[in-house]
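Report on the following structure.
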Amino acid sequence: RGRRRLDCAEQVRQWMQAAGVAMPSVEALLAVRQPIAERLLPSALPMPGAKELVTHCLQSAIPMALVTSSSAAAVALKAAPHPWLAAIAQRVYGDDPELQAGKPAPDPYLLAAHRLGVEAASCWAFEDSLAGAQSAAAAGCRVHVLLSLEPLAQGWTALGWPQRSIVLRSLRAIAW
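In this note's numbering, the protein residues as written are 136 to 311.
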């Protein structure tokens, strides 16, 4: 979760190798995954509170960027039923040609800040994955860690809750 599909496919290959299982190519793994993703992604629900957050930022003229490990094609499928996401003009996808390294490296958030014309230290990141939270923290962003998933809570706790991080149970916990 929170990593690019190529990185995930490579991780699966490593697990298979460690288990002594014949390893398919990354391309073969992705070929199996893609039709499944194409069926599931259009029914993806937004995170509770996400629409309200985007609306608030838009009404308050707060610049926004979407920083995701998902490919541009996957985001198009997920976002299609949610037209309010079009308000987020700046985007960094996992397959962005300008991206040198994906999450948990700081590159995605540094690229987003650059595209917004601001320093990463002035950005707030809302993350629901450990890799994403690590990426945002490494870039110097103020990280709002959404602890809706227990593995994220355990992983983030193991990192010692870096400074400039805020823990939220949900995006709805944000007080305007």
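For every residue, glycine included, the Cβ atom is placed at its ideal position computed from N, Cα and C.
Quick caveat, the model's predicted, so the values are computed rather than measured.
Query                                                                                                    : Result
Reduced DSSP category for residue 233 - H, G, I as helix; E, B as strand; rest coil                      : coil
Of the listed residues 256, 257, 241 and 252, nearest to residue 266 (C-alpha basis)                     : 241
Which residues DSSP lists as bridging residue 201, in chain order                                        : 226
Whole runs of the alpha helix (DSSP H) within the segment 238-269, excluding any shorter than 4 residues : 242-251
Alpha-carbon to alpha-carbon, residue 157 and residue 251                                                : 45 Å
Rounded separation between residue 258 and residue 217 - CA only                                         : 24 Å
C-alpha distance - residue 206 paired with residue 149, whole-angstrom precision                         : 22 Å
Contact check, residue 184 vs residue 204, beta carbons under 8 Å                                        : no
Start and end residues, alpha helix (DSSP H) containing residue 210                                      : 207-214
Residue 181, DSSP secondary structure in three states                                                    : coil
Sequence-distant residues of its chain with Cβ nearer than 8 Å to residue 214 (five each side left out)  : 220 and 221
8 Å Cβ cutoff met for residue 202 and residue 232                                                        : no
Residues near residue 189 by beta carbon distance below 8 Å, same chain, minus five either side          : 199, 219, 220, 222 and 223
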